[in-house]
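Participant: First residue of the sequence shown: 0, per numbering that gives the first Met the number 0; consecutive thereafter. Here it is, the structure in full.
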Amino acid sequence: MLWGMFPRTEVSGTVQLPAAATYWMPKRSEIDEEGIGFFRDVWTITDVPFGEARSMVREERRLATAVADLAETPEDFDRIAHVVETGLDGDREDVGPAERAVLEPVVSEEPPLDGLELGIAGLVYALAAVGMVPAASCRGHCDERAWSDHPVVLFAATRYRAQALAGLIEPTGCRFDIDPARPDLLLVAGRSIGDTMSLAEAILAARQTFIQSRPARSRGRTAPAVQDPLF
0 MLWGMFPRTE
10 VSGTVQLPAA
20 ATYWMPKRSE
30 IDEEGIGFFR
40 DVWTITDVPF
50 GEARSMVREE
60 RRLATAVADL
70 AETPEDFDRI
80 AHVVETGLDG
90 DREDVGPAER
100 AVLEPVVSEE
110 PPLDGLELGI
120 AGLVYALAAV
130 GMVPAASCRG
140 HCDERAWSDH
150 PVVLFAATRY
160 RAQALAGLIE
170 PTGCRFDIDP
180 ARPDLLLVAG
190 RSIGDTMSLA
200 EAILAARQTF
210 IQSRPARSRG
220 RTAPAVQDPL
230 F
């Protein structure tokens with residue numbers, strides 16, 4: 000794992016949607032308390048209001064910058080990010096006095112990212128805000144037993160919204176892929192959380208492109224196209 004402002008790992012995948020991608024949206028009856036995809040220790044996040052997504056993306060960027068300013072190695076970043084994710088209470092022994100002094104003005108005692116991890120929380124919220132259904136996520140960890148060593152989010156989407164997302168992938172450094180264990184879900188990955196945070200910001204900036212127009216019912220004359228409200 001390389002080190003820059005954030006831990007960085009080269010990733011495979013493509014800037015185009017995979018040829019084998021599946022496009023679908025689960026029915027509400029198909030979404031249980033743990034969401035979709037049969038993942039463990041996850042929960043459903045859908046229909047996020049735009050304002051909440053924007054607040055999450057901004058807060059995440061602020062916290063990530065604070066962690067990056069303190070960390071000197073990928074291992075440092077992983078440890079300090081975990082402190083930020085779970086809350087900086089007074090009993091923690093995994094943060095030193097100097098680190099605590101820097102973090103206390105910017106980190107609360109309560110988990111600030113809705114239980115999600117730093118660097119992918121904003122992307123999860125952004126995807127949900129524009130009508131996609133996140134299934135699982137990971138910011139990437141140094142531990143050899145970690146699920147992923149780079150940030151990933153798996154999600155379900157319609158073809159139209161996936162194509163809208165595809166236009167934002169290459170400029171932000173992210174890639175599409177498919178997990179062979181869950182081929183019915185799309186996967187987006189970044190080399191670092193810098194990529195995934197940039198993608199979250201790009202999604203919110205381009206949110207109107209995720210709204211699909213459809214013709215209104217005609218009553219003898221051609222009716223203008225109308226848009227379903229997304230937010």
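Where a beta carbon is used, it is the ideal one built from N, C-alpha and C, also for glycine.
(1) I need the straight-line Cα distance from Pro182 to Leu153, nearest angstrom please.
(2) From the DSSP secondary-structure annotation, give me the bridge partner or partners of Ala155.
(3) Quick check: what's the CA-CA separation for Glu74 versus Ser11?
(4) Could you say which of Val82, Leu117, Asp113 lies nearest to Val101 if we only look at CA atoms?
(5) In its own chain, which residues sit with a C-beta less than 7 Å from the C-beta of Thr13, not counting the 5 before and 5 after it?
(6) Do Val105 and Ala80 have their C-beta atoms within less than 8 Å of each other?
(7) From Asp90 to Thr72, what does the alpha carbon distance come to, in whole angstroms?
(8) Counting C-beta neighbours from all protein chains within 10 Å, is the total for Ala161 16 or more, i.e. buried, or is it exposed?
(9) Is Cys141 closer than 8 Å to Ile119 when the C-beta atoms are compared?
(10) So, is Ala199 buried or exposed, given that buried needs 16 or more other C-beta atoms within 10 angstroms?
(11) Tell me, to the nearest whole angstrom, how far the beta carbon of Ala128 is from that of Val187; I am working on the premise that it is less than 8 Å.
(12) If we count the other Cβ atoms within 10 Å of its Cβ and call it buried at 16 or more, is Pro179 buried or exposed?
(13) Where does Glu51 land, buried or exposed, given buried means 16+ other C-beta within 10 angstroms?
(14) Given that a residue counts as buried once 16 or more other Cβ atoms are within 10 Å of its Cβ, and exposed if not, what is Ser191?
(15) Can you give the Cα-Cα distance for Arg60 and Thr45, rounded to whole angstroms?
(16) Use the C-beta contact count for Glu109: other C-beta atoms within 10 angstroms, 16 or more gives buried, fewer gives exposed.
Facilitator: Answer, in terms of the structure:
(1) Looking up residue 182 in the sequence shown gives position 183. Looking up residue 153 in the sequence shown gives position 154. C-alpha of Pro182 to C-alpha of Leu153: approximately 10 Å in a straight line.
(2) Counting from one through the sequence shown, the residue named residue 155 turns up at place 156. Looking at the DSSP output, Ala155 sits in a beta bridge with Val132.
(3) Locating residue 74 in the sequence shown gives position 75, counting from the first residue. Locating residue 11 in the sequence shown gives position 12, counting from the first residue. Answer to the nearest angstrom: the Cα atoms are 23 Å apart.
(4) Reading the sequence shown from its first residue, position 102 is the one you call residue 101. Per the C-alpha coordinates, the member of Val82, Leu117, Asp113 positioned closest to Val101 is Val82.
(5) Working through the sequence shown from its first residue, we reach residue 13 at position 14. Same-chain partners within the cutoff: Arg174, Phe175.
(6) Start at 1 with the first residue of the sequence shown, and residue 105 comes out as number 106. Start at 1 with the first residue of the sequence shown, and residue 80 comes out as number 81. No.
(7) Your numbering for residue 90 matches position 91 in the sequence shown. Your numbering for residue 72 matches position 73 in the sequence shown. Rounded to whole angstroms, Asp90 to Thr72 spans 24 Å at the Cα level.
(8) For the purposes of this step, residue 161 is taken as residue 162 along the sequence shown, with counting starting at 1. It is buried - the Cβ of Ala161 has at least 16 other Cβ atoms within 10 Å.
(9) Here the question's residue 119 lines up with position 120 in the sequence shown. Here the question's residue 141 lines up with position 142 in the sequence shown. In this structure, Ile119 keeps its C-beta atom at 8 Å or more from the C-beta atom of Cys141.
(10) Looking up residue 199 in the sequence shown gives position 200. With 16 or more other CB atoms across the displayed protein chains lying within 10 angstroms of its CB, Ala199 is buried.
(11) Translated into the one-based positions of the sequence shown, residue 128 becomes position 129. Translated into the one-based positions of the sequence shown, residue 187 becomes position 188. Between the beta-carbon of Ala128 and that of Val187 there is about 15 Å, and that puts the pair past the 8 Å contact cut.
(12) Here the question's residue 179 lines up with position 180 in the sequence shown. Exposed.
(13) Counting from 1 along the sequence shown, the entry for residue 51 is found at position 52. Exposed: under 16 other Cβ atoms inside 10 Å.
(14) Residue 191 sits at position 192 when you count from the first residue of the sequence shown. With a threshold of 16 other beta carbon atoms within 10 Å, Ser191 meets it and is buried.
(15) What you label residue 60 is simply residue 61 of the sequence shown in a count that begins at 1. What you label residue 45 is simply residue 46 of the sequence shown in a count that begins at 1. If you take the alpha carbons of Arg60 and Thr45, they lie about 21 Å apart.
(16) Here residue 109 corresponds to residue number 110 of the sequence shown, with the count starting at 1. Burial call: exposed.
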